[in-house]
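In the numbering used here, the protein residues as written are 1 to 183.
Built from N, CA and C at the ideal position, the CB exists for glycine as well.
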Amino acid sequence: ALGTVIVALEVGLHIDGIKVGLRKFTGTKRRSEYVGRLETGATLFDDYAHHPTEIKKTLAAFRQRFKNKKIVCIFQPHTYSRTKILFDEFITSFSDANTVILSNIYPSLRENPDPTVSSQQLVEAMNRFKRAVFLPALPDVVEYIERKSYGEDTVIVTMGAGNIYKIATSLVVSPPAKADALA
């Protein structure tokens with residue numbers, strides 16, 4: 001925000017207009033984006049994080065903001081090569097989540113499937129440190145979340161560069177006002 005203010009001032013915008021613009025800014029799509037509430041009361045957010053450093057920092061921010069709530073992270077690894085190269089970093093990047101759910105790796109058109117790495121292997125390795133669950137397909141994830149009936153004490157975060165964000169349409173009853181996310 002500070003950088004934006006400086007640039008706006010440098011190009012000659014008036015400070016009152018800059019303030020109005022900052023107040024209207026609601027955030028970036030797929031970066032800690034508030035999606036809505038589930039029928040059971042849980043709050044759903046979405047984030048594009050797909051690298052261990054992004055995941056760790058994003059979940060740390062959620063933990064700081066929602067100190068007294070359970071955090072459930074639903075992660076869809078993106079690309080076989082990234083998952084394989086950063087496997088050990090992924091294992092420890094979810095430390096601020098209470099539960100981690102992993103779906104199958106979202107493949108890239110630029111690479112062939114690699115049978116030497118999988119989300120299931122990642123879950124098995126993560127379970128030494130954290131409660132992790134492997135649910136291969138997105139409908140499996142939706143069914144699991146519905147069965148768990150997470151309540152108002154839970155924040156759910158979908159994460160990844162693939163199509164994981166699409167499960168929101170099956171989970172959120174109706175997206176309430178953004179102010180409701182802060183309750």
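- Three-state secondary structure (DSSP) of residue 11: coil
- Message: Please identify the residue among 2, 97, 81 and 7 whose C-alpha is closest to the C-alpha of residue 73.
- Response: 97
- Leaving aside the five residues before and after residue 78 along the sequence, list all residues of the same chain whose C-beta is less than 8 angstroms from its C-beta, in chain order. 50, 105, 106, 108, 160, 161 and 162
- Message: Using C-beta distances below 6 angstroms, list every residue in its chain close to residue 91, excluding the 5 sequence neighbours before and after it, in chain order.
- Response: 125 and 126
- Message: Beta-carbon within less than 7 angstroms of residue 69's beta-carbon, same chain only, minus the 5 sequence neighbours each way: which residues are those?
- Response: 153, 154 and 155
- Which ranges does the alpha helix (DSSP H) cover as unbroken runs of at least 4 residues, wholly within the segment 66–111, from first to last along the chain? 80–85 and 87–92
- Cβ contact check for the segment 51–59 and the segment 137–150: 3 or more pairs under 8 angstroms: no
- Task: My understanding is that residue 35 touches residue 168, with C-beta atoms under 8 angstroms, so please give their C-beta distance in whole angstroms.
- Result: 5 angstroms
- Task: Please confirm whether residue 40 and residue 150 have their CB atoms less than 7 angstroms apart.
- Result: yes
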